[in-house]
Amino acid sequence: MSLTTDQPDPGINQQWGGRFSAGPSEIMQRINTSLGFDRRLVRQDLAASKVHAAMLATCGIVTDDEAAQIRAGLDQILEEIETGRFVFKAELEDIHMNVEARLAELIGAAAGRLHTARSRNDQVATDFRLWVRDALDRLDGEIATLQAGLVAQAERHAGTVMPGFTHMQPAQPVTFGHHLLAYVEMLRRDRSRMRDARARLNECPLGAAALAGTGFPIDREATARALGFDRAMANSLDAVSDRDFALEYLAAAAILAVHLSRLAEEFVLWCSPAYGFVRFSDAYTTGSSIMPQKRNPDAAELVRAKAGRVFGALQGLLTVVKALPLTYAKDLQEDKEPVFETDDTLGLCLAAMTGMVHDLTADPQAMRAAAIPGHPTATDLADWLVRVLGLPFRQAHHVTGRLVRLADERGVGLADLDLESLRSVESRITEDVHAVLTVEASVASRNSLGGTAPDRVRAAARTMQEQMR
Ligand code: ARG
């Protein structure tokens, strides 16, 4: 078909079709489109375009009237988005061209001036940074909510004794509150990692244009400030081509997912009747279609499993960016889905974990009972031998080991050995040793900074609450 400027082929993209005489094949459209996912950037795209238009006017690149028309049109598009009336057109490839095409319908010729001194390359990099920044801010609040739930349970169970494990073998008794606060600390670092990522992310690519900057007298610092960035990015090639901010988001997300999966795994174990440490209500469990007695912790299992998606997203984007020569290549369109999917996954997992933390009922008796077998106060005995009898620790360890063997031979706990039996191994042991052999005495004695003693746990919970305010 022959083309005149008056009657363009309707299949050709009007935003770049000048040198084209035919539209793309159906398969080309399908592989090329990002509209299915990048429509999530629409709010950021509109905000950045408004700021860009205002700057173009301030710098005398478009007239005030044109800028006003553009801004009004963009406001109307936002309104259409919010009321669900915006019509997305897949053939327009991506969200940026959808917005610009609609703007042209709404305001006519002035719409064509918006893309002055700008390219989709700096545009998408700006939109995506804004989006990830919003995601990081939302995530911070969601993690804080989970922390608050954990701290509340930790306070309630500051004195609840449970077995502490190393190698999954009974090691020393700890308190349930202490155990939960360990996760609060991990989450605190997750939040701090995300704050770090946010700080590094907060530079603005806008005005880098396609890759080399622009000859128009733009004010990049003004647009950067207006969008809440700390500064404009210093190098235009870097601005349009790096995605390390998305990688940092995913890396921090992957570590958060690791932490959530560990807690989820503990929930799964603890609510098994073999442990019976906690119980989840009907709200967070499911039944079995064949075994009427079952109560399955599916939500916790899914949080445990969904970490895999997050790791996959990180691995996927690392692989997309790896060895990509500067600057922009369409490969970079593949940067968004891993991030969007991760954001959905984390939102769901954090909500589920927060729900489970509030829902769980601990069984202090079951926990205490499980803390008795395996001689978990053997270290307390050894420490007593050091403290009271002045034995070197290595020798105290040896004496205690022999007493453990004696207790095992008799099928009793260390605390059940009478004074005579204790003295058969170390003649200077006195009756008051028994006071350190209970699990309660053991946890109460561990009041070093960061230790499991109930008083420490209460204080740590209070500190955490204050920090989170
Ligand atoms: N949809 C594209 C992306 O997400 C926008 C940038 C397109 N740039 C280009 N030079 N084709 O990467």
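Take 563 as the starting number for the sequence shown in this note's numbering and just add one per residue.
Note that the Cβ used here is the ideal one computed from N, Cα and C, for glycine as well.
Taking 8 Å as the cut-off, the Cβ atoms of G721 and V736 do not count as close. According to DSSP, C766 shares a beta bridge with A794. Counted as a single uninterrupted DSSP element, the beta strand (DSSP E) harbouring M724 occupies residues 723-728. Around L979, the same chain offers L965, L968, A969, R972 as residues with beta carbons nearer than 8 Å, after the five sequence neighbours per side are excluded. In the structure shown, the three-state DSSP call for N594 is helix.
Exposure of V649 is indicated by the presence of fewer than 16 other C-beta atoms within 10 angstroms of its C-beta.
Cβ-Cβ separation between T1014 and H740: approximately 4 Å, consistent with a contact (criterion under 8 Å). Under the DSSP assignment, P735 falls in the beta strand (DSSP E) whose first and last residues are 731-737. Its Cα nearest to that of G838, the residue A931 stands out among A931, L894, A788, R762. Ranked by Cα distance from L701, the options A759, P586, R718 are led by A759. Partner residues in the beta bridge of T848, as assigned by DSSP, are N858. For C621, there is no enclosing alpha helix (DSSP H), as DSSP marks it with neither H nor E. Here A610 is not near D699, since their CB atoms are 8 Å or more apart. Nearest to A845 by C-alpha distance, out of L922, L825, Q576, R824, is L922. For L812, the closest of G790, P1016, G874, A784 by C-alpha to C-alpha distance is G874. Residue ranges of uninterrupted alpha helix (DSSP H) with 4 or more members, entirely inside the stretch 599-661 and ordered along the chain, are 604-620, 626-644. Within 7 Å of the C-beta of S798 there is not a single heavy atom belonging to the ligand ARG. With respect to A816, V865 sits apart: the two C-beta atoms are not nearer than 8 Å.
In this chain, the alpha helix (DSSP H) harbouring Y811 covers 806-833. For the ligand ARG, no non-hydrogen atom lies closer than 7 Å to the CB of V883.
For T904, the enclosing alpha helix (DSSP H) starts and ends at 898-921. When G711, R755, S1007 are compared, the shortest CA-CA separation from Q734 is found for S1007.
Per the Cβ contact rule, the stretch 649-666 is in contact with the stretch 596-610 (3 or more Cβ pairs under 8 Å).
Distances taken from the Cβ of D607 to the heavy atoms of the ligand ARG include none shorter than 7 Å.
Per DSSP, reduced to three states, the secondary structure at V987 is helical.
Cα atoms of K898 and G635: separation of roughly 26 Å, rounded to the nearest angstrom. One alpha carbon belongs to D804, the other to V713, and they sit about 39 Å apart.
Counting along the chain, V1019 sits inside the alpha helix (DSSP H) bounded by residues 1016-1030. One alpha carbon belongs to A772, the other to R682, and they sit about 7 Å apart. Using a Cβ distance threshold of 8 Å, T992 and A977 do not count as a contacting pair.
In this structure the stretch 841-856 does not touch the stretch 796-810; the number of beta carbon pairs closer than 8 Å is below three.
Between the stretch 667-687 and the stretch 618-635 there are three or more inter-stretch CB-CB distances shorter than 8 Å, so the stretches are counted as touching. In the structure shown, the three-state DSSP call for R782 is helix. With contacts defined by Cβ atoms closer than 8 Å, A914 and A861 form a contacting pair. Your pair V882 and E863 does not check out as a contact, with CB atoms roughly 30 Å apart and the cut at 8 Å.
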